[in-house]
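**Student:**
Chains as they are written, first to last, in the numbering used here: chain S, 11 to 126; chain G, 428 to 544.
Printed below as a string of structure tokens:
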């Protein structure tokens, strides 16, 4: 069974800490994504990566950075955590779109981050 | 840029009743459309997708959705719901053909379906 694994289900961090959220996929997917999910706002794209060492900003990149040194791993970094970054963070992956169309994302289980 | 609006934030229904969760999208070009389900404390799971062809798409767990290009809608339906269908449902859209969009999905705000006994 294919998987996207997020290293932590729950995290509590202090304001100002540097926080790393890790995501690993075992499907050899080219594309990986980080979203945050907040009630009433749905999922909002933070960053995505379409290849190793390649990244692009999503809709809400401020306060975040990412790293993709290997194809299977995509890390989200909160440079200096703030209380407004308390949220559910979801990682997803997908293969490159080909002639047969989009396959959809495979999601991890999410990391619920609380910044105090 | 594309956008998605889910018209109901919460939908309460009784068990065995039919349900429709509404989704409208806006895009100046052709799109792919998706419905995902999220059970409590879990990630999102793909229910169904529309890529091309028949406008009526069948998915898992007895759900189906109909693509209506003229109304830019992709409503999700189930003729008879079960308690286990209680979850949050997300509609999503992406541009056809990939390119610089890299298949990024834009999600709606979510609809919480609550099935009562």
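Beta carbons: idealized from backbone N, C-alpha and C, even for Gly. Here the structure is a predicted model, which is why all the values come from computation and not from measurement.
Hey, how far is the Cα of residue 534/G from the Cα of residue 456/G?
**Tutor:** The residue you call residue 534/G lines up with position 107 of the second chain. The residue you call residue 456/G lines up with position 29 of the second chain. Roughly 17 angstroms between the two C-alpha positions.
**Student:** Specify, as a first and last residue, the run of the beta strand (DSSP E) that residue 542/G falls within.
**Tutor:** Along the second chain, read from residue 1 onward, the residue named residue 542/G stands at position 115. Looking at the DSSP string, the run of the beta strand (DSSP E) that includes residue 542/G is 538-543.
**Student:** Does the beta carbon of residue 39/S come closer than 7 angstroms to any beta carbon on chain G?
**Tutor:** If you number the first chain from 1, residue 39/S lands on position 29. By this cut-off, residue 39/S is not an interface position.
**Student:** Could you tell me which of 31/S, 14/S and 71/S sits nearest to residue 41/S, measuring between CA atoms?
**Tutor:** By 1-based counting over the first chain, the position of residue 41/S is 31. Out of 31/S, 14/S and 71/S, 14/S has the C-alpha closest to the C-alpha of residue 41/S.
**Student:** 7 angstroms is my cut-off, CB to CB: does residue 117/S come that close to chain G?
**Tutor:** What you label residue 117/S is simply residue 107 of the first chain in a count that begins at 1. It does; some Cβ of chain G falls within 7 angstroms.
**Student:** Among residues of its own chain, excluding the 5 on either side of residue 63/S, which ones have a beta-carbon nearer than 8 angstroms to its beta-carbon?
**Tutor:** Position 53 of the first chain, counted from the start, is the residue given in the question as residue 63/S. Hits under 8 angstroms: 78 and 79.
**Student:** Cα-Cα, which of 94/S, 19/S, 24/S and 104/S is closest to residue 73/S?
**Tutor:** In the first chain, counting from the first residue as 1, residue 73/S sits at position 63. The residue with the shortest Cα to Cα distance from residue 73/S is 94/S.
**Student:** In chain order, what residues of the same chain have a beta carbon less than 7 angstroms from the beta carbon of residue 513/G, not counting five sequence neighbours either side?
**Tutor:** As a position in the second chain, residue 513/G is number 86, starting the count at 1. Answer for residue 513/G: 540, 541 and 542, listed in chain order.
**Student:** I need the straight-line Cα distance from residue 503/G to residue 27/S, nearest angstrom please.
**Tutor:** As a first step, residue 503/G must be located in the second chain, where it is residue number 76. As a first step, residue 27/S must be located in the first chain, where it is residue number 17. Going by the C-alpha atoms only, they are around 42 angstroms apart.
**Student:** Can you tell which of 530/G, 544/G and 518/G has its C-alpha closest to the C-alpha of residue 536/G?
**Tutor:** The residue you call residue 536/G lines up with position 109 of the second chain. Answer by Cα proximity: 518/G.
**Student:** Using three-state DSSP, classify residue 371/G as helix, strand or coil.
**Tutor:** Chain G is shown from 428 up to 544; residue 371/G falls before or after that span and cannot be answered.
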